[in-house]
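S.K.: With UniProt numbering, the residue at position 26 of the sequence shown is 26, and numbering never jumps.
Beta carbons are placed, not taken as given, at the ideal position from N, Cα and C, and that holds for glycine.
Handing you a structure now.
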Amino acid sequence: MPVIQVDHWEGFSEEQKKEWIVALTDTTNRLFKIPKDKITVILREVPLSDWGNGGVVATDPDFLAKSRAAGGEA
Numbered sequence: 001m002p003v004i005q006v007d008h009w010e011g012f013s014e015e016q017k018k019e020w021i022v023a024l025t026d027t028t029n030r031l032f033k034i035p036k037d038k039i040t041v042i043l044r045e046v047p048l049s050d051w052g053n054g055g056v057v058a059t060d061p062d063f064l065a066k067s068r069a070a071g072g073e074a
């Protein structure tokens, strides 16, 4: 059955990740009527130094502004 994989930035607490897994499982169960024991959730924490968008590394202090600005280039 479904495997839900989420790549996310580092920094979420263990409690937040537990709540996220429960919420994803509950929502998938509710929307698709899939038994909860058939739903797998995998959270993968990615260091900011390994994350980039628009050619900008997430450790850059101006990451959000620069990565959004890169969207307009063809």
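#1: Please state whether DSSP places A70 in a helix, a strand or coil.
#2: Within 10 Å of its beta-carbon, does T25 have 16 or more other beta-carbons around it, so buried, or fewer, so exposed?
#3: To the nearest angstrom, how far is it from the Cα of A65 to the Cα of Q5?
#4: Take L48 and list the residues in its own chain whose beta-carbon comes closer than 7 Å to its own, dropping the five residues that flank it on each side.
#5: Just tell me which of I34, G71, K17 and S13 has its CA closest to the CA of G54.
M.R.: The answer reads as follows:
#1: Helix at A70.
#2: In the assembly as shown, T25 is a buried residue. Its beta-carbon has 16 or more other beta-carbons within 10 Å.
#3: Near 27 Å, if we compare the C-alpha coordinates of Q5 and A65.
#4: Spatial neighbours of L48 in its own chain (CB-CB distance under 7 Å, excluding positions within 5 residues in sequence) are listed in chain order as W9, E10, A58 and T59.
#5: For the residues I34, G71, K17 and S13, the minimum Cα distance to G54 belongs to G71.
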